[in-house]
Each structure stands twice: as C-alpha cells, then as structure tokens.
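**Student:**
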C-alpha cells in the first residue's frame, strides 16, 4: 500500500482505551449516584430556556454522554481524557477548561450582584424601590447603583472600580471555595440543597404567575405562536441554540468530564446523561411558563399594546419582571428575597461545578498531586477573584456581555474538537495500519474540506446562495468519495489473501474506530446505542463546523460582521479582549498539536509508577482497594507473598524481591520512603520489621475498604510503619 509522503500529524502514539486502563488510579467518588445526578443537573441548569430539540438530541446529549463516559472510564479530567486518545490532544482538554474558567470568571460577578441585591433588600434603598409594581425604578437602581453604570461616559468605557462590589465578589468566591474545598462528597451533599430548594421555589413562582390576570396571553405567546420563517431568515438562531444547549448542559467546559471521573466506572452513563438532559429541559420549559405568564400579567397591568412593550431580558427581567410578579403575593418583599436566594443557589451550583472542572485537571497533574486540595482551591479561587475585578468596574456589565458573546465561538470550536477527537482521531493509527494513510486522510479532507467550501458559498457571498452551496458541496464531496473508492479498490487488489470486500473496507474507514470506542466504553459504563457512534463521527463534527461559520457570518444592523463589532461596543477594550479570548483558546489547542511536550506537566504519567494501593488478603481470599481519601498518593501496589506473612509495597514494574522505591502518603500526612520495599504486617500476627519490635503508635492505620471499624479494633487494620530505616 502507498502512503502519504509527509509524516501524518496523528499517525503515531494514538491510544486505545485498553492501553490506558486506569483501574489503579485512586480517585474520590461521589457519596451516591443521586448526589452525582443532583450536582450535574445543578451544573446544567444555567440557561432559562432551550428551545431547540435538534440541538438537544443531535448534539447535546451525545456530547454529554461522551464527556461523562470518558471521565468515568479514565477517572480523569478533560486533559487526561483527551491526552489518552492522543498526546497531541491535551490542548483540547486544556482549552475546554479555559473556556469554563472564562465563564466562571464572569459568572461569579453576576452572582455577586445577586448577593448584593439580597442583602440590600433588607437594608438598602432597593427595598423601597420594589414598591413600584412596574419594577422600572428597581431596574434603574440595579444598573446605576448596584453595577455603577451611572458614571460611564459617552464612550461607555470604564472609569472606576465599584469597591463595594469587590467585597461581594470576594464573599462569593469564598462561598464557592468552601463548597469545593472538602471534596466531591461534600459537593454532592451541597447539591441536594442548591438544586432542591430552587425547584420548590420555581413551582411556587409558576403557580403564582399562571394564575395572574393576563397570564394566558403571555403563555399563548410562549407556546402558541410558531414563526417558522425565523429558522431561515435568521440562520444564526441555530448557532445560538447549540450555544444554549452547551451552556445549559454544561458540556465543553470540562464540568461533566470532571463529575463523571468521580463516578464508579460501572455507573450507567447513558441513563445518567438522559436524566441530566431531560431534567434540564423540563426545568427550562417550566421556567418559560413562569416567565411568560408573568410578562402577560405585566402587559395587562401596564395596559401595553403588545407583549413586546414589556418583554425584558437579562438583568431587566431579573430585577423588574420577577419582583413585580412576586410583589403581588402577600408579604411580597419576602418573596423577592426568596427569589434572590433561589437565583443565588442556582448560580452557586453552576459556579462550583465549573470550578470543580478546573480543580480536577489541576489535581490530576504531577504538581497537583504534591499539594493539598485546599491549597489548590485557594489558588484557583484567588485567581478567579483577581480576574473578576474587571467586572467590578462601572462597565462590568458591558465586559460581561462582550466576553459572553465571544465564548460562544470557543464552545462550538471545543465541541467540534471533542467530537472530532473521539470520532476521527481515536484509533487512527490502527486505521492507517489496516487501510494505509491515503484513504484515511483523504476521507478527512473530503468530509471537512467540502463543508468548508460549501460554507464559503453559504456565508461568504452575499445574496441567496443556498442552492449553490449545496451544488458546490455535492461536487467536492462526490469527487473526494470517488477518489477514496478507487483507493479502496486498489487495496482489495493488493491484498487478495485478506478477502476484503468493499463493504468491509467502508466499515473499516467510516465506523470501525468509533465503534471500538463505543464498545470499550460500554464494557464499563453500560450499553451505548449504535446511533451514538454515527452522531459522534458523522453528524456532530460537520454540524458544528457549519454552525461555527454560521455564527462568524452573523452581521450587525449596519451589515458589519458581529465578530469584532459586537453590539457596537468600543474596539478597545471590549472587542480586543473578546477576540483575544477566542484566539487564546485556539492557540492552546494548536500548541498541543504542534508542541505536545509543553503540556506534559499537565498530565500524570502512569508509567512513573503511581497506582492505587490494593491490599490482597491471602488468608481471607479477598482484595481491598484503599479509598483516595485514606491514601492520597502512592507509587506502589500492596501485594502479599503467599506464606511470607508480609505484605510488600511493590512497584508494578519492579520485582517481588527488590521493587522500586515506594512513597505513600497516609492520613497522618507522614511519608514512608524506602529504597527497597516496605514490610507490612497485620498487628494480630505481630508488629516486627527488620527483626526489631515496633511500638503500635509508630504505625499509620489504614482500614480495609468497606469496613467501618474503630482504631481500637487493631486486628481489622493493616499497619503501615511511619518510618522505615
């Protein structure tokens, strides 16, 4: 078989999941499956409404399943997961985490404004402003006093820092740090509150909103008016829908990969993904009834001619429409306070989920293994606080709006990169061995090259070019497929002994690698539908590439590209910062491809010998795996030599008689260092090492997994000496 003359970009060092079996990697797990679901749903519920079922079922759920399943299998965050597919893909995982961090940095200031609104509903002027049923004065108070926009000049550039907001920002970050500092089990318990109470409050708000006068007109506008023309007249609405799905489900931020990595590897990933996605959509649907019911009431109360005259979005909806409806309840000010509490709980839920994604990646690095979880949390939250100060200026809302717009580009690019990595790069080395390089690379170029050429016709040329775009796509794609067909025919003739058929060769080229991924994951996370493999490889990457060009084509009212001119904001600092965020994320991915060694420090190399400690009890015939909160670090596995009476810490690459050096961190934070091996002996059989009697208090106690025993029951423990000569 012939090969391409230049060395293929991903032709070496591709991995299969079997080669990266992480069973020996210790990892903290959720306290229960329900805790995982509550935390994940809480992370997902971030947008108010997700109207596009296409984006949900064709793009959102398959990507959600990819992140959760890969996180579960590898027991690692995004960098480790995509680095396991190929070392050059660590940048994809890092860019995903960066995207989540960008969102967190502007999301937390929004929460801090809610916290200030809640506090000032007790003591500030805001309490009296909400006596105005229209909410207009409350909205003005929010913009001018809470955010501080009253001091902006005509150019809308920042002039000052609102220092009181800096205090609330620090308080909010401190709360987030407290939520994630004590491990994933604590995070799961918090999610019961941060998700449970908002659901109750939403139902109360819904019951009140739909029973108000005029609510039916708002609901009619919500579900009874279908303008199908907007899907063609405003094609950017499709890109917006996908962005909304990504925001609401929490995919492309590394959140679900991080959450999945803390689940047992046998958890039902498909079922969990569907529960999370459907729960999020149901939450959004119910929220829509509540919102539009309240807007219908406002139209009725204010005597407006149409719903458009009262429809508000963003902060105006938050500080205007919502309080207006709640003020009609007995004790209205108390319901307004509950509203802010509700928004705070939902916001903090999403914020600590985004933060957990960053923490997971940091903790999976060599450096992260050498420091405590609290130190990592302190460093991450401190960095987030410092980066968030720009949103505490009087132009904070403009900065937020700008970065939020440009993050959409990053999300779609990362979604494309993740699906492309799983669907096309995974198993590519094996494909090239079987088929040769030419068909593999020709298929990639044909698929995505034809889409790029067609997108140029669809979005790069003014006028109605829809038909021409499809013509160009058909010609370029058809030509490429014909060339590939000829290559496969040559393959059949060159290797007659392998009894190739055109059908078997097509399968090898189009589905074999992603089917292998599906089957390998399914062995651990449960059955995965066959359609998932088709969507991950042949639907999601092309769709997201088209939607990226679609979003980039979006124009302002002056027919200028919105990219670089968003909302008419000044070039400096707003557009430059937004564009820089996009290019930074792209640079991170490309650096990983062309300089993968730069990211080696971000992923712990399992070959260095760090594995889960397993205590093999030969007498009882059972094996116990020590939990990560008991043993944080180890470079060895614990094995018992039959008949020796000793358990030795042994590196997997070492020998029974002289294993490599072992380092074990136990609950007392004491370190065992040994140039040879560490001898462990059950205290019930004696406590001697090197022919010397060792006192009991010289030992660190490690309980067997699944046993709830007290330190007094020493015969139930395996003892690790604190200091071995």
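In this note's numbering, the protein residues as written are 28 to 752. Glycine included, each C-beta is placed from N, C-alpha and C at the ideal position.
Taking residue 271 as the reference, give the member of 467, 82 and 539 with the closest Cα.
**Tutor:** 82
**Student:** Name the two residues that bound the continuous alpha helix (DSSP H) containing residue 458.
**Tutor:** 455-462
**Student:** Which same chain residues, not among the five before or five after residue 298, have their C-beta less than 8 Å away from its C-beta?
**Tutor:** Counting only Cβ-Cβ distances below 8 Å, and skipping sequence neighbours, we find 553.
**Student:** For the 8 Å Cβ check, are there 3 or more pairs between the segment 280-295 and the segment 386-394?
**Tutor:** yes
**Student:** Cα separation between residue 18 and residue 268?
**Tutor:** Lying before the first or after the last residue shown, residue 18 is absent from the chain, which here runs from 28 to 752.
**Student:** Taking a contact to mean a Cβ-Cβ separation below 9 Å, would you say residue 101 touches residue 107 in this structure?
**Tutor:** For the pair residue 101 and residue 107, the CB atoms are nearer than the 9 Å cut-off.
**Student:** Per the contact definition of three or more C-beta pairs closer than 8 Å, is the segment 445-453 in contact with the segment 613-633?
**Tutor:** no
**Student:** With DSSP collapsed to three states, give me the class of residue 754.
**Tutor:** With the chain represented from 28 up to 752, any question about residue 754 goes unanswered, as that position is not in the structure.
**Student:** Who are the near neighbours of residue 237 in its chain, counting only those whose CB is closer than 6 Å to its CB and skipping five residues on each side?
**Tutor:** 320
**Student:** Helix or strand or just coil, what does DSSP make of residue 284?
**Tutor:** helix
**Student:** Under three-state DSSP, which class holds residue 99?
**Tutor:** helix
**Student:** DSSP state of residue 588, grouped into three classes?
**Tutor:** strand
**Student:** Would you call the CB atoms of residue 575 and residue 475 closer than 9 Å?
**Tutor:** no
**Student:** Quick one: using the 10 Å Cβ neighbour count with 16 as the cut-off for buried, is residue 599 buried or exposed?
**Tutor:** exposed
**Student:** Just how far apart, CA to CA, sit residue 80 and residue 393?
**Tutor:** 42 Å
**Student:** Decide if the segment 590-597 is in contact with the segment 168-180; the criterion is three or more beta carbon pairs, one per stretch, under 8 Å apart.
**Tutor:** no
**Student:** Short check: CB of residue 124 to CB of residue 280, under 9 Å?
**Tutor:** Going by C-beta atoms, residue 124 is nearer than 9 Å to residue 280.
**Student:** Closest to residue 303 by CA distance: which of 244, 277, 605 and 192 is it?
**Tutor:** 277
**Student:** Rounded to a whole number of angstroms, what is the C-alpha to C-alpha distance between residue 311 and residue 317?
**Tutor:** When rounded, the distance between both Cα atoms is 10 Å.
**Student:** So, do the segment 132-140 and the segment 374-382 have three or more beta carbon pairs nearer to each other than 8 Å?
**Tutor:** The segment 132-140 is in contact with the segment 374-382.
**Student:** When the Cα atoms are used, what is the spatial distance from residue 307 to residue 519?
**Tutor:** 49 Å
**Student:** Given 8 Å as the limit, is there contact between the segment 415-430 and the segment 552-572, that is, 3 or more CB pairs closer than that?
**Tutor:** Pairwise C-beta distances place the segment 415-430 out of contact with the segment 552-572, as fewer than three of them are shorter than 8 Å.
**Student:** Given this structure, state the Cα-to-Cα distance separating residue 472 from residue 465, to the nearest angstrom.
**Tutor:** 10 Å
**Student:** Using the Cα positions of residue 233 and residue 613, report the straight-line distance between them to the nearest angstrom.
**Tutor:** 42 Å
**Student:** By the 10 Å Cβ neighbour count, where 16 or more other Cβ atoms means buried, how is residue 526 classified, buried or exposed?
**Tutor:** exposed
**Student:** Would you mind listing the alpha helix (DSSP H) stretches within the segment 264-328 that are 4+ residues and don't spill past its ends, in chain order?
**Tutor:** 282-288
**Student:** Assign residue 395 to one of two classes, buried (16 or more other C-beta atoms within 10 Å of its C-beta) or exposed (fewer than that).
**Tutor:** buried
**Student:** Taking DSSP as the reference, what is the three-state secondary structure of residue 420?
**Tutor:** strand
**Student:** If you run the structure through DSSP and keep just helix, strand and coil, what is residue 188?
**Tutor:** It is a strand residue.
**Student:** What does DSSP give as the partner residue(s) for residue 582 in the beta ladder?
**Tutor:** 588
**Student:** Can you give me the C-alpha to C-alpha distance between residue 224 and residue 146, rounded to a whole angstrom?
**Tutor:** Pairing residue 224 with residue 146, the inter-Cα distance amounts to about 19 Å.
**Student:** Kindly list the residues whose CB is nearer than 6 Å to the CB of residue 484, restricted to its own chain and excluding five residues on each side of it in sequence; keep chain order.
**Tutor:** 492, 495, 496 and 499
**Student:** Please report the straight-line C-alpha distance between residue 239 and residue 502, rounded to a whole angstrom.
**Tutor:** Approximately 58 Å between the Cα atoms of the pair.
**Student:** Which two residues bound the contiguous alpha helix (DSSP H) that contains residue 124?
**Tutor:** 117-150
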